[in-house]
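Structure first, commentary second.
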Amino acid sequence: MKECLPYFGAYQDAMTTKGWSLFHSRLSFAMNVKLISPQEVIQRTEETWQENQEIPLSAVEGFIRQILGWREYMRGIYWKFMPGYAKENFFQNDRKLPGWFWSGKTKMKCLSHAIGQSLDYAYAHHIQRLMVTGNFALLAGIHPDEVDQWYLGIYIDAVEWVEITNTRGMSQFADGGIVATKPYVSSANYLHKMSHYCSGCSYDHKKKLGEKACPFNSLYWDFLERNRGSLQKNPRMGMIYRVWDKNSAENKKQIIEQAASYLERIEEL
Numbered sequence: 333m334k335e336c337l338p339y340f341g342a343y344q345d346a347m348t349t350k351g352w353s354l355f356h357s358r359l360s361f362a363m364n365v366k367l368i369s370p371q372e373v374i375q376r377t378e379e380t381w382q383e384n385q386e387i388p389l390s391a392v393e394g395f396i397r398q399i400l401g402w403r404e405y406m407r408g409i410y411w412k413f414m415p416g417y418a419k420e421n422f423f424q425n426d427r428k429l430p431g432w433f434w435s436g437k438t439k440m441k442c443l444s445h446a447i448g449q450s451l452d453y454a455y456a457h458h459i460q461r462l463m464v465t466g467n468f469a470l471l472a473g474i475h476p477d478e479v480d481q482w483y484l485g486i487y488i489d490a491v492e493w494v495e496i497t498n499t500r501g502m503s504q505f506a507d508g509g510i511v512a513t514k515p516y517v518s519s520a521n522y523l524h525k526m527s528h529y530c531s532g533c534s535y536d537h538k539k540k541l542g543e544k545a546c547p548f549n550s551l552y553w554d555f556l557e558r559n560r561g562s563l564q565k566n567p568r569m570g571m572i573y574r575v576w577d578k579n580s581a582e583n584k585k586q587i588i589e590q591a592a593s594y595l596e597r598i599e600e601l
């Protein structure tokens with residue numbers, strides 16, 4: 333509480349190669365296996381702020397909301413929609429998870445680091461899980477079963493009721509919008525803004541085409557194009573489709589071909 337809470341709000345979504353947990357509490361395992369109660373954590377957080385109101389209220393609110401809000405929302409989704417929820421596959425994705433998800437041996441620095449620290453510490457914070465490993469899995473069309481198995485096998489805090497709802501719902505949009513209002517996917521631009529990962533990477537986060545082009549870029553647009561029928565009418569997706577449609581037919585074709593090339597040799601990325 334004393335060391336991390338004051339900085340949690342400002343850095344909760346940040347990613348860096350310089351630290352594996354930053355200002356996250358690392359209490360999820362203890363709560364999920366009932367070593368400590370969520371109520372106890374929330375009360376202690378409130379007490380800490382009452383003792384030191386120089387701690388930004390946004391940090392306190394953001395931390396409590398993750399536990400009292402999101403965590404309980406996931407519990408509710410699990411009890412309402414299981415067991416059928418475990419079979420949801422809205423996009424009918426069927427690709428196998430690349431082998432390097434189990435080793436971290438990929439040229440994509442963001443994935444190499446996020447997977448590597450997950451293997452080392454059985455931990456990654458929510459943005460690493462959502463916007464790095466989960467983002468790539470969804471863009472690449474990995475079967476949700478494969479993603480579930482990986483998250484359950486890797487993370488120390490991954491008990492089924494909280495893992496499967498976050499993975500199928502928030503990360504993979506496999507439930508078609510029960511949990512989230514849109515798929516959480518991005519190109520390399522988001523990763524560049526929110527992390528140190530792109531610096532020194534084998535790929536260029538600015539490029540969409542060519543051998544050095546970051547795979548997230550072409551895979552992002554390919555994901556949108558191949559799922560246009562399911563997503564274009566989503567009010568939160570309309571603007572990005574308008575951006576995509578400003579490209580010439582030839583440019584679109586080149587980007588789709590780039591994505592296909594990367595997916596064909598996904599094990600080599």
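If you read the sequence shown in the numbering used here, its first letter stands for residue 333, the second for the next number, and so on. Glycine is no exception: its CB is placed at the ideal position from the N, C-alpha and C atoms. Treat the numbers as computed from the prediction; the structure is a model and nothing was measured.
Check                                                                                                                           : Outcome
Anticipated Cβ contact below 8 Å, residue 333 with residue 380, distance rounded                                                : 4 Å
Residues near residue 515 by beta carbon distance below 6 Å, same chain, minus five either side                                 : 505
Residue from 572, 525, 598, 508 with nearest C-alpha to residue 547                                                             : 598
Beta-ladder partner(s) of residue 531, from DSSP                                                                                : DSSP output for residue 531 lists no bridge partner at all.
Sequence-distant residues of its chain with Cβ nearer than 6 Å to residue 490 (five each side left out)                         : 483, 484
Reduced DSSP category for residue 333 - H, G, I as helix; E, B as strand; rest coil                                             : coil
Residue closest to residue 350, alpha-carbon to alpha-carbon, out of 534, 450, 445, 487                                         : 445
Proximal residues to residue 339 (C-beta, below 6 Å), its chain only, five neighbours per side dropped                          : 355
For residue 463, the three-state DSSP class (helix, strand or coil)                                                             : helix
Within the segment 420-497, ranges of the alpha helix (DSSP H) (whole runs, at least 4 residues)                                : 441-453, 466-471, 476-486, 492-496
Cut-off 6 Å between Cβ atoms - residues of its own chain near residue 550, not counting five sequence neighbours on either side : 540, 587, 590, 591
7 Å Cβ shell around residue 390 - same chain, five flanking residues per side excluded                                          : 341
For residue 406, three-class secondary structure by DSSP                                                                        : helix
Environment of residue 507 [buried if 16+ CB atoms lie within 10 Å]                                                             : buried
Own chain residues within Cβ distance below 6 Å of residue 499, not counting five before or after                               : 479, 480, 483
Rounded straight-line distance, which links the Cα of residue 596 to that of residue 564                                        : 26 Å
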